[in-house]
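Residue numbers (numbering that gives the first Met the number 0): 0 to 1276.
The beta-carbon is built from N, C-alpha and C at its ideal position, and this holds for glycine as well.
Just so it is clear, the structure is predicted and the values come from calculations on it, not from any experiment.
Report on one structure; see the data block that follows.
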Amino acid sequence: MIVFPALSLFLRRAARWLAALAALAALGFATAAALMFFWVLPNIAEHRDTVANLMSRALGQRVTLEAVSGTWQQARPEFRLQGVRLHDQQGHPVLYLPELEAAFAWRSLLFLEPRFSRIELQGLALGVRRARDGHFYVGGIPINPAAPDSGFSDWLLRQGRVHVGKATLTWLDEVRDAPPLILTAVDFTLTNVRHTHRLQLRATPPASLARPLTIEAKLSARNANDLKTWNGTIGVTVAGVSFPRLAAWLALPYQPQQGWGALSLQLDVAHGALAGVAAGLDLRAVEAVLGDGLPALRLAQLRGQARWQRSGDGQRVTFENLRVARPGAALGAPFNAGLAWNAASHEITAQALSLGGWQSLLPSLPMDPELRARLQTLQPQGRFDTLRFRWSGAQPGLDNFSIAARFTGLGVTAAGNQPGLLNLSGRIEGDAREGAFEIDSDRLKLDFPGLFREPVFEFAGLRARGNWQKTPRGRRLTLDDLAFANKDMAGTARGRYELIPGQRGVIDLSAHLSRADGTAVYRYLPKTIGDHTVNWVKQGVVAGDSDDVRLALKGDLARFPFDQGDGVFRVDAQVKDAVIDYVPGWPRIEGIQARLSFHGKIMEVTSSQARIYGVALSPVKAVIPDLLHQEEQLNIEGQANGPIRDFIRFANFSPVGERLRGFTDELDGSGPMRLALKLQVPLRYSHNTALAGTLSFLGNTLLPAGLPQLNQVRGDIDFTGDSLSAKSIAAQLLGGPVRIDTATRNGQVQIQAQGRATAAGMAPWLNAAWSKHLSGQAMWRGQIDLEPEGERIRIESDLAGLGSSLPAPLAKAAAQTLPLLVLRQPQGDARLNEVRLGRTLSALWRSTVAGGFGRGEIRFGGQAAMPSEPGLRLAGSGRGLDVSGWMALLPVGGGGASVPLSSIDLSFDAFDLMGRRYQDVRLLGRTRSGLLRTQVSGREMSGVLTYRPAGAYDSTGASARGGPESLREQPARVSAQFRQLTIPARMPASGPADEMNMKAADFPMLDLAVEDFRLQDHALGRLEAVARGTPQGLMIDTLQLTHPDSVFRMSGLWRDSGLGETRAELSLNVLDAGRFLARFGYPDALKRGSAEVQGNAAWEGSPADFAFGTLAGQLDFKARSGQFLKIDPGVGKLLGVLSLQSLPRRLNFDFRDIFNEGYAFDDIGATLRIARGVVYSDDFRMRGPAAKVNMSGLADLNQETVQLRVKVIPKLSEGVAVAGALLGGPLAGVGALAAQKLLRDPFEEVISQEYMVTGAWQAPDVKRLPKAKAETPVSEP
């Protein structure tokens, strides 16, 4: 062990000195304590001024006390000062403390100054004021920051704990001219432990300003007077504060107009300077103006943490979990963001940052106006999942940045020539030298405003990988793999694009589309292509797609589309099922299978297959030689083959039809055709399209509207946009050959034709009923001029060789000439039509383009003239007119458009109607107020016919157009009021009346009255008849013939289907049968007598076609009080048979006195059944004073034969009884008479006889039948 004697000695001495010092200190402390306890405290009140002076020196301000007291507490003295006043320099009291307690600290003895372990103030009312000169006054004591420190602050920081409770603090700022701010319930605690100082302040501001306020600080400083030694933190917390009210006392960085919220601040102090601020925010309804001239920033809520830090020469601002809600919007998702900067660089960081919500806040945020305008223009949107973006210098650029980011749905609006995008997702990492990127986007939109007319392209999906490198000229963007799809296309691409500042750049791109919609091509054509070309592509490509499109684009984009050969721009596509509307007004080309190519400034379409309305086109080539030229032109060449109907549609729906003046509008046809066509279309002036082509007929059939059919048409028509020409087109027309030539003269097309027509060839064109009346053939010639107003047609023929058996007056022999001229020409908005047949017949009428009749005239025996009134006028005279014949040639049912008659003035020597000929007929009438009233005169007739067309009429018969609901729709009506009408005998060659081909349902209502009605030479009396057309036929409501000797009534139905049939209910009342028969040519057939006939009957044909041969029905016949006279043979032969005048010559029993000179009868009764002209009866009873006759059998009215069984019973029995009475006496007479009655005239039965009458009426065969042996008498039925 080594021993150091000197050190040991020093240590022993030092220990003794320390012990001595400790003892001395203990003695001093004990002495001080004793003095304090025994002298100071008991006598402290007497030393009040001494204490006040000590405090004045410590505070540097005069202090006076009202009272001082002290107590001993826990081994230390405590002092209580009352009525403490601080005075200003003038000696005026400025601060009053009611009471102050202080616990003496024994360390005061060590530091030789008063120090307290605790200072307690209660009920302090302290005023702090900033005067208008900027000086501060606390409790009236001026505080001059520039003056040297009085030492009070140091002394205060050397105390143990200072507590101020239940204080009131009033702040008055005269500089801001603010009202006093009073903080109540102020609780202040300052705790000092060596160089560490903790401060805690709680106070309650006015409720309208804020909720209770808490300030806590932890600071340390080795020298309180040296700010650079201060370090620590200061925290401020307030549960709620009104920022607009706070601005009255606190100078905020921005002027709030509205806002309330909780706020917590933490200030970091380093070396006496503010090093950082951290804020916790939960603000609501914030409205503040953040800069001069800016609109107020309005936020519904702001929540999160914000931090500002200073580091070296740089600063950083960060936001964490920041959530913002604009007015009316929900609270946004939390995000982090940060900005760091120094003199050399800047850095932006973000996490989960959405950009779109900030657009509405930009106008209110303080920033560089150019940057704000730029952001408002770009309107950035989307989300940065992560972002780190750095740049050096003041502004970012392509040469001073680095970036690493993942993003979703990014977008910016296009501005100027800068592209825009939307929904860009992916990642990027790199710097100014190089980098890489990946894109994985759905519903991506790209906007290229400076390159395309429709600059926005939408992609359902886009995937890409690429990179960039810095080059000597700029940046090179390399696209390694790109896949995209949208509604227009889907495909892949790869290539490079070199971005050169100030230039459009250099590109080398190749792409392949596996799906492409041709109707969208125009969207992808650059602006350098002429507007008219793009519009043509847009409107012209109606349909079409491709599954193989290849694009090559290489060169400087400033020289696009490289028409000088200094680059490559080529698009090749195989097009399927395309539809091209190549020129407005022309039919579309459909079903195109073609190759589409854009090569430089040339566009070319070569089609291997296409069609127009079914017309096959092959091949077809369309070329735009110069897409960039201001006078773009489309050239089309092609050939077409197809049905003629499709060619007609092509003409009708193209300017060709217009140039043909609408000639093909209603043209039809069949068979194949061929077309060679060339078009030159100036896209700017498509109406100046140049057209040239050849149309070839290959044995076609043509059906021109209103003209006969052309068959086996062969030949070529050459045409241009202005002309049409053809030579010797051959065809068959109207059964014969025809040659057609076409030429254009003075801009108008003229068609000339000549040929031969046959009756058989005209049959399909004419009414079938007409054609059977024509025979032979005739030559004709015609001309059609296609004028702007419409076609002008002229057809001529002498009809030599053509025979006609048409009704008068158009019947002619084949060798006879009858000049025919047919004319049709436009007249304003109508057509003028004329037909002439020599001087026999002419017609002139004006019709609408649609064929409606306007006005006109048909004239017999002269030249027709155009009437002034609307409707049809019939005029003229002639030898004969076969009305029935012409009515038989009308279309069945009377179909066709109705032509209203305006007037009639006709005279004919012979007027044939319904099989009867009327002589010297004159018709003169005119239509007035809708009624056609015609005077009719002739040998057989004299009267007035009135025709009222169908329409709405009131109860008086007056018509109205658009009248009240009381008007009723009524059918047409014909009323005839004749003084005399004689129906002549039917002409031998005439057919049945119903050959007029007019259905009874189409008949007008008939109202006929004739004063003197005659059937040939038979006077029938007055005729009254009412009939109407019904779907079942002509309904005869009533028909009555009234004569002095008879009245005939009939009602029934005339069915006009088939051969026609009339069914009627008949009644005939004959007052004088003798005179009745005399009127019909049997003057001596019957004497006196009356008769009644009732029943039903039917016969074929019309009511006027009554004939025994078709008669059928059943009649009840009764006659009374007449006498058959001796009847001569003739039509009355049947009456001769019925009167039994032929019997006497053939009877052995002499009845000559009964029948030979005429038979008188009391009554006749019979039921007659008629079938096909044969009359049956089995109950014919004829009773007279001389005999009774019973008949049964039949009479054939057609063959004039009978087959009758006749029983004749002479009336002799009563005479025999009378004779018996004369011979045998009364008794015998009475007995005979009784026996006669009881035995039913046994005498008459004994002498009765039966006969069989057969054979012809004129000479019947009469045989007496043997009398049957009667065992028992049988009563007469």
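Mapping DSSP to helix, strand and coil, what is SER152? helix
Do ALA609 and GLY590 count as a contact pair if the criterion is CB distance below 8 Å? yes
By Cβ distance, which residues of its chain are closer than 6 Å to PRO211, with the 5 residues on each side in sequence left out? THR203
Smallest Cα separation from GLN976: which of ARG947, ASP1001 and ASP1006? ASP1006
Burial state of PRO763 (16 or more Cβ within 10 Å): exposed
Taking the alpha carbon of THR527 as the point to measure from, which residue in GLU631, ASN466 and GLN538 has its own alpha carbon closest? GLU631
Suppose the cutoff is 6 Å on Cβ atoms and the five residues either side in sequence are ignored; what does the same chain contact list for ALA459 look like? ALA484 and ASN485
Within the continuous alpha helix (DSSP H) that includes ASP544, where are the two ends? Taken as a continuous stretch (DSSP letters only), ASP544 belongs to no alpha helix (DSSP H), being part of the beta strand (DSSP E) at 540–555.
Please confirm whether GLY425 and GLU437 have their CB atoms less than 8 Å apart. yes
Start and end residues, beta strand (DSSP E) containing ARG503: Element bounds for ARG503: n/a, residue is neither H nor E.
So, are the CB atoms of ASP267 and GLY275 less than 8 Å apart? yes
Can you list the beta strand (DSSP E) stretches of 3 or more residues lying completely in the segment 1047–1117, in chain order? 1060–1069 and 1085–1099
From the DSSP output, in three-state form, read off LYS1266 for me. coil
Which whole-angstrom value is the C-beta distance of GLY692 and GLN711, which I expect to be below 8 Å? Not quite, the Cβ-Cβ distance comes to about 23 Å (not below 8 Å), so this is no contact.
Using the beta-carbon count (16 or more within 10 Å), is GLN468 buried or exposed? exposed
When GLY490, TRP1098, GLY1020 and PRO1102 are compared against GLN1113, the one with the closest alpha-carbon: TRP1098
Using only CA atoms, which one of ARG387, TYR523 and ALA324 lies nearest to LEU445? TYR523
Excluding the 5 residues preceding and the 5 following GLY1108 in the sequence, name in chain order all residues of the same chain whose CB lies nearer than 6 Å to its CB. GLY1172 and ASN1197
Closest to GLY937 by CA distance: which of SER928, GLN918 and LEU931 is it? GLN918
Please determine, among GLU319, THR839 and ASP1177, the residue with the shortest C-alpha to C-alpha distance to THR816. THR839
Report buried or exposed for ARG472, applying the criterion of at least 16 other Cβ atoms within 10 angstroms of its Cβ. exposed
Beta-carbon gap between ARG474 and LEU498 smaller than 8 Å: yes
Taking only three categories from DSSP, how would you classify PHE436? strand
Quick one: what does DSSP say LEU676 is sitting in, helix, strand or coil? strand
Could you spell out where the beta strand (DSSP E) holding GLU77 opens and where it closes? 75–86
SER607 beta carbon less than 8 Å from that of PRO618: yes
In terms of residues, what are the limits of the alpha helix (DSSP H) holding SER928? Element bounds for SER928: n/a, residue is neither H nor E.
Taking the continuous alpha helix (DSSP H) assigned at GLN375, which residues delimit it? 368–377
Measure from the alpha carbon of PRO1265 to the alpha carbon of each residue in GLY1254, TRP1256, ARG1204 and PRO1209, then state which is nearest. ARG1204
Mind listing, in chain order, the continuous beta strand (DSSP E) runs of no fewer than 3 residues lying wholly within the segment 744–779? 747–757
Figure out for me which residue from ALA874, LEU709 and TRP340 has the closest Cα to the Cα of SER669. LEU709
Opposite PRO1280 in the DSSP bridges: which residues? As displayed, the chain neither begins before 0 nor continues past 1276, which places residue 1280 out of reach and without an answer.
For GLU453, which of helix, strand or coil comes out of DSSP? coil
Ordered along the chain, which non-local residues of its own chain (more than five positions away) have a Cβ less than 7 Å from that of THR757? LEU733, GLY734, GLY735 and GLN776
Proximity of ASP186 and GLY164 at Cβ, strictly below 8 Å: yes
Exposed or buried, what is ALA752 when buried is set at 16 or more other beta-carbons lying within 10 Å of its beta-carbon? buried
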